[in-house]
Amino acid sequence: MIGNRILLLSPHTDDGELGCGATVSKLIRQGKEVHYAAFSACEQSVRPEFPKDILIHEVKEATAELGIAAENLRLFRYEVRTFNYRRQEILDDLIRLREELKPDTVLMPCLHDIHQDHKTMAEEALRAFKFGNLFSYELPWNNLNFSTAAFELVEEEDAQRKVAALARYRSQAHRPYANEEFLRSQLRMRGVQVARHYAEAFETVRIVMD
853 MIGNRILLLS PHTDDGELGC GATVSKLIRQ GKEVHYAAFS ACEQSVRPEF PKDILIHEVK
913 EATAELGIAA ENLRLFRYEV RTFNYRRQEI LDDLIRLREE LKPDTVLMPC LHDIHQDHKT
973 MAEEALRAFK FGNLFSYELP WNNLNFSTAA FELVEEEDAQ RKVAALARYR SQAHRPYANE
1033 EFLRSQLRMR GVQVARHYAE AFETVRIVMD
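All letters in the sequence shown, in the order written, are residues 853 to 1062 by my numbering.
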């Protein structure tokens, strides 16, 4: 990834890890500064056997697995599936993050993501960070269209950290994509596309060359 300060935008806790957890692990191994902002802990859709705030605890554990410093984790409390009604507030929060962090690169969901919260986050991130480097990470179950224009090569230890991070989301273990077999198969598929073992794919939204 371009630059030394990276901001990862995750509409819901776990989206960022699913989309580019191995890349985050690699960036931190390289000594880069990674910030993670999650905008919803999905308290309204947590299964009844778990506490409503379970995802707040799980995201802290998961990001720690990747090596993200606790002080670099920011949690907002927007209700799930309401982002499109609160665009201006979300944009204001993104602008505050831009002014505070001044990231070199922002990682965000795909602009063609069919989940309403993901799509809103991507659109408002484009507005907030349009003068910098922007890449969209892949969530294939929501991406009807995704241009694999950029690949981040990752190692086995990064794959292991991604798997370990997502294992922390015990409340999400029922999801069909929340398992090691799927996570590794996606890393392997993208790696094969560029004649490597493992990679994560990104859609290039904007690159600023200095």
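All residues carry an ideal CB built from backbone N, CA and C; glycine is no exception.
None of the values given here were measured: they were computed from a predicted structure.
- The residue among D944, L870 and G855 with its C-alpha nearest the C-alpha of R979 is D944.
- Here A893 has T865, L907 and I908 as same chain residues with Cβ atoms under 6 Å from its own Cβ, once five neighbours each way along the sequence are excluded.
- Closest option to E931, judged by alpha-carbon separation, among V898, V911 and P961: V898.
- Partner residues in the beta bridge of E885, as assigned by DSSP, are R857.
- DSSP assignment within the segment 993-1049 yields the following whole alpha helix (DSSP H) runs of 4 residues or more, N-terminal first: 1008-1019 and 1032-1045.
- With a 10 Å radius around the Cβ and a threshold of 16 neighbouring Cβ atoms, R1042 comes out buried.
- Under the Cβ criterion (8 Å, minimum of three pairs), the segment 974-991 counts as touching the segment 955-963.
- When Cβ pairs closer than 8 Å are counted between the two stretches, the segment 875-893 is seen not to touch the segment 991-1002, the count staying below three.
- When T875, R1048, P1028 and T915 are compared, the shortest CA-CA separation from T957 is found for T875.
- Residue burial annotation: F998 is buried, with at least 16 other C-beta atoms found within 10 angstroms of its C-beta.
- For the pair R938 and Q968, the Cα-to-Cα distance works out to about 12 Å.
- Assigned with DSSP and collapsed to three states, L870 falls in helix.
- Inside the segment 917-990, DSSP marks whole beta strand (DSSP E) runs of 3 or more residues at positions 925-927, 957-960 and 985-989, from first to last along the chain.
- Between P955 and R857 the beta-carbon gap is near 5 Å, inside 8 Å, which marks them as a contact.
- When the five nearest sequence neighbours on each side are left out, the beta carbons in the same chain lying within less than 8 Å of the beta carbon of K982 are those of R1058, in order along the chain.
- The three-state secondary structure of V911, taken from DSSP, is helix.
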